[in-house]
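Structure first, commentary second.
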Amino acid sequence: MRKVLITALLLVLALGCCAHADDLRIGACIYRFNDAFMLRFRTAMAEEAGKAGAKIEFADGQDSQITQDEQIDKFIADGVSVLVVNPVDRMTSQNIIDKAKAANIPVVFINREPTPEMLASYERAYYVGAKAEESGTEAGELIAEYFKAHPEADKNKDGKIQFILLKGQNGHQDMILRSKFSVQAIKDAGFEPVELASAIANWDKLEAMKIMNGFVMSIGPEVIEAVIANNDEMALGAVEALKIVDYNMGNKDAYIPVVGVDANASALDAMDKGEMLGTVMNDADNQGISSVRLAVALASGKDTSTIGYPITDGKYIWIPYQKVTRGEKQ
Ligand code: GAL
Ligand code: CA
4 MRKVLITALL LVLALGCCAH ADDLRIGACI YRFNDAFMLR FRTAMAEEAG
54 KAGAKIEFAD GQDSQITQDE QIDKFIADGV SVLVVNPVDR MTSQNIIDKA
104 KAANIPVVFI NREPTPEMLA SYERAYYVGA KAEESGTEAG ELIAEYFKAH
154 PEADKNKDGK IQFILLKGQN GHQDMILRSK FSVQAIKDAG FEPVELASAI
204 ANWDKLEAMK IMNGFVMSIG PEVIEAVIAN NDEMALGAVE ALKIVDYNMG
254 NKDAYIPVVG VDANASALDA MDKGEMLGTV MNDADNQGIS SVRLAVALAS
304 GKDTSTIGYP ITDGKYIWIP YQKVTRGEKQ
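Per the numbering used here, the very first residue in the sequence shown carries number 4; after that it's consecutive.
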């Protein structure tokens, strides 16, 4: 009798406290499904959830914070064990944190960073991402390294690098810091960067192509010495615009070094063909895996030090970036 009681008690304790991996449900909100890098991220998350035996459901915010807020309300009402959120507008994350806190559900932000103050307002709020400034520095270094190896890239021989900057969505830490640090890295390498033009192309290839097409027409491809894009999709859009005027098609006399960030397969292809100089690997696999492992640990009451990724300042998992170039284009 006593044994039965103790067993029953243990069972109640075990079930009552926390969700187990097999009945654990992750509600994952993505800012928009139609994003090449976030697709890699989502794929890694789904795979890791499968391995952990956790259920994961993805919601497409369609680039609308209003839509995403509704999806978060629904996940909470449905009783998910934990939220993983890629906010549409990272500056409104406090609202999401307040909702998660009121429901006592842990929340792991990914890819779009809430402010430290927001994260500090809830002990079960975390961030998984990569340091934006690092990717900016590395992208700028790629350009500087190219100019060191190819003095002829300074077409007007003024010792300066005349560049075009294509920026991601306004307010995104990767838009702000990649822009700033890529230009800084060029300076730090001993070159004077001169911005010919810059524009926001919202991470989007087509938008970037149209904008770059305009710059090529108004400025002239022979004047442009480099293109720095905040991500690969926009870099590829720029490459498309350059190809229209027979640039970046394998002829060394009609070439402008273009760099992006992410290392998406399409960018690596373009690099193999000599159309694009380089990129910085944004490690979707490790960001996806670590965010799911952290979410599972938080929801099941497991020690977060067992997930295989260090947690910094009690709040952050940082996945490093890495420069990628191909062959002699370096
Ligand atoms: C960045 C990435 C972009 C885009 C953006 C979405 O980290 O480089 O390509 O996916 O996140 O928030
Ligand atoms: Ca120059």
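The C-beta atom is built at its ideal place from N, Cα and C for all residues, glycine as well.
Small disclaimer: the values here were computed from a predicted structure and weren't measured.
Scanning its chain for C-beta atoms nearer than 7 Å, with the 5 sequence neighbours on each side dropped, one finds around residue 168 the residues 182, 198, 201 and 231, in chain order. For residue 196, the uninterrupted beta strand (DSSP E) run begins and ends at 195-203, by DSSP. According to the DSSP secondary-structure assignment, residue 252 is paired through a beta bridge with no residue. Remark: fewer than three beta-carbon pairs, one from each stretch, lie closer than 8 Å, so the region 54-70 and the region 256-268 are not flagged as touching. With 16 or more neighbouring CB atoms inside 10 Å of its own CB, residue 211 falls in the buried class. Looking at the DSSP output, residue 39 sits in no beta bridge, so it has no partner there. For residue 299, the three-state secondary structure derived from DSSP is helix.
Burial state of residue 313 is exposed, judged by a 10 Å Cβ sphere holding fewer than 16 other Cβ atoms. In this structure, residue 147 places its C-beta atom within 8 Å of the C-beta atom of residue 192. Exclusion of the five residues before and after residue 319 leaves 130 as the residues of its chain whose Cβ lies within less than 6 Å of its Cβ. One thing to note: residue 187 has its Cβ no nearer than 8 Å to the Cβ of residue 178.
Here residue 265 carries a strand assignment [DSSP, helix/strand/coil].
When DSSP states are grouped into helix, strand and coil, residue 59 belongs to the strand group.
Judged by DSSP secondary structure, residue 149 falls within the alpha helix (DSSP H) whose first and last residues are 135-152. Of the candidates 242, 58 and 84, the residue whose Cα lies closest to the Cα of residue 109 is 84. By the Cβ-count criterion, residue 308 is exposed, with fewer than 16 other Cβ atoms from all chains shown falling within 10 Å of its own Cβ. When the beta-carbon positions are compared, residue 180 and residue 135 come within less than 8 Å of each other.
For residue 219, no beta strand (DSSP E) run applies; the uninterrupted alpha helix (DSSP H) run containing it begins and ends at 208-222, by DSSP.
The alpha-carbon of residue 189 is positioned some 29 Å away from that of residue 93. With a cut-off of 7 Å, the C-beta of residue 288 is classified as distant from ligand 1, since no heavy atom of the ligand falls inside that distance. DSSP, read as helix, strand or coil, puts residue 118 in coil. As for any beta strand (DSSP E) of minimum length 3 sitting wholly inside the region 77-126, the runs are 85-88 and 110-113, ordered along the chain. Under DSSP, residue 326 forms a beta bridge with 283.
The closest heavy atom of ligand 1 lies 7 Å or more from the beta carbon of residue 37. Ligand 1 approaches residue 234 closely enough that one of its heavy atoms is under 7 Å from the residue's Cβ.
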